[in-house]
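*Asks:* The numbers in numbering that gives the first Met the number 0 rise by one with no breaks, and the one at position 15 of the sequence shown is 14. Cβ atoms here follow ideal geometry from the backbone N, Cα and C, with glycine treated the same way. Take a look at this one; I'll ask things after.
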Amino acid sequence: MNQTKIKRDPEGTRRRILLAAAEEFANGGLFGARVDQIARRAETNERMLYYYFGSKEQLFTAVLEHAFGALNEAERALDLGGLAPVEAITRLAHFVWDYYRDHPDLLRLVNNENLHEARYMQKSTRIHEMISPIIATLGSILARGEAAGLFRNNVDPLRLYVTLSGMGYYIVSNRYTLNATLGRDFSTSAERGEIIQLNTEMLLAFLMRK
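Rendered as structure tokens:
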């Protein structure tokens, strides 16, 4: 690509590097991803990569920030205030599970960062500032359901969110090993539909007053 054009479009170049790096890091992790391959995918050179991001590690942190920023934006777009508590909690859960299905690269990045004991996330001021709006949304739904006599009392929204997250995370993150060990592909639409129905029934069985 013409270097003059690159210099005239710094934001475009930066974005191409970020997107190329996200794919490389998701596939190979921090140590498996190659800077030259990232630059090639981004149609630029390694010098520009270091110019915009400083180092491979800083680029990895920027990719994490971008991935969590996209999740944060999607969470903020949720509008569940006008729904009855049972429908609202169901839609929120389905949002989480669908987001993981549609963004498997996020889970691969998270898996890789867990191998590093969240070293790079802890260095990020941006991620620290991204207070997940879905926790507050979940807390509001739980409070409305409890006030209406529908939900059990004193359900901690953060613990429930972690549980919901795990219910959707596992079958996406482990879909290949599940298929290899159990002989069933949980990524098919039919299997996924059955799992979502099961998870939804388990969620409501826990929340609903007897």
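According to DSSP, which residues form a beta bridge with Met207?
*Replies:* Position 208 of the sequence shown, counted from the first residue, corresponds to residue 207. Paired residue(s): Phe150.
*Asks:* Ile126 and Glu64: beta carbons closer than 7 Å?
*Replies:* Along the sequence shown, read from residue 1 onward, the residue named residue 126 stands at position 127. Along the sequence shown, read from residue 1 onward, the residue named residue 64 stands at position 65. Cβ atoms of Ile126 and Glu64: closer than 7 Å.
*Asks:* What are the start and end residues of the alpha helix (DSSP H) that includes Ser172?
*Replies:* One-based indexing of the sequence shown puts residue 172 at position 173. 156 to 172 is the extent of the alpha helix (DSSP H) around Ser172.
*Asks:* Return the residue from the list Glu42, Gln121, Thr89, Ser164 that minimises the CA-CA distance to Ala277.
*Replies:* Only positions 0 to 209 of the chain appear in this structure, which leaves residue 277 out of reach.
*Asks:* Please report the distance separating the alpha-carbon of Arg15 from that of Ala38.
*Replies:* Locating residue 15 in the sequence shown gives position 16, where the first residue counts as 1. Locating residue 38 in the sequence shown gives position 39, where the first residue counts as 1. Between the alpha carbons of Arg15 and Ala38 lies a gap of roughly 9 Å.
*Asks:* Taking the C-alpha atoms as reference points, what is the distance between Arg208 and Val95?
*Replies:* Taking the sequence shown and counting its residues from 1, the one referred to as residue 208 is at position 209. Taking the sequence shown and counting its residues from 1, the one referred to as residue 95 is at position 96. In a straight line, the C-alpha of Arg208 is about 24 Å away from that of Val95.
*Asks:* Would you tell me roughly how many angstroms separate the C-alpha atoms of His115 and Arg158, rounded to the nearest one?
*Replies:* Residue numbering aside, residue 115 sits at position 116 when the sequence shown is read from its first letter. Residue numbering aside, residue 158 sits at position 159 when the sequence shown is read from its first letter. Rounded to the nearest angstrom, the two C-alpha atoms are 24 Å apart.
*Asks:* Below 6 Å CB to CB, which residues in the same chain sit around Arg13 once its five sequence neighbours on both sides are set aside?
*Replies:* For the purposes of this step, residue 13 is identified with residue 14 of the sequence shown, where counting begins at 1. Annotation for Arg13: Tyr51 place their beta carbon closer than 6 Å to its own, counting only its chain and skipping 5 residues before and after.
*Asks:* Give the single residue among Glu10, Leu203, Ile194, Ala25 whose Cα lies nearest to the Cα of Pro103.
*Replies:* Counted from its first residue, the sequence shown places residue 103 at position 104. Comparing Cα-Cα distances from Pro103 to each of Glu10, Leu203, Ile194, Ala25, the minimum goes to Ala25.
*Asks:* Taking the beta carbon of Thr136 as the centre, do at least 16 other beta carbons fall within 10 Å, making it buried, or is it exposed?
*Replies:* Locating residue 136 in the sequence shown gives position 137, where the first residue counts as 1. Buried: at least 16 other Cβ atoms inside 10 Å.
*Asks:* Could you tell me if Tyr160 is buried or exposed, where buried requires 16 or more neighbouring beta carbons within 10 angstroms of its beta carbon?
*Replies:* Counting from one through the sequence shown, the residue named residue 160 turns up at place 161. Buried, since its Cβ has 16 or more Cβ neighbours within 10 Å.
*Asks:* From Leu177 to Arg100, what distance separates their C-alpha atoms?
*Replies:* Taking the sequence shown and counting its residues from 1, one reaches residue 177 at position 178. Taking the sequence shown and counting its residues from 1, one reaches residue 100 at position 101. Their backbone Cα atoms lie some 15 Å apart in a straight line.
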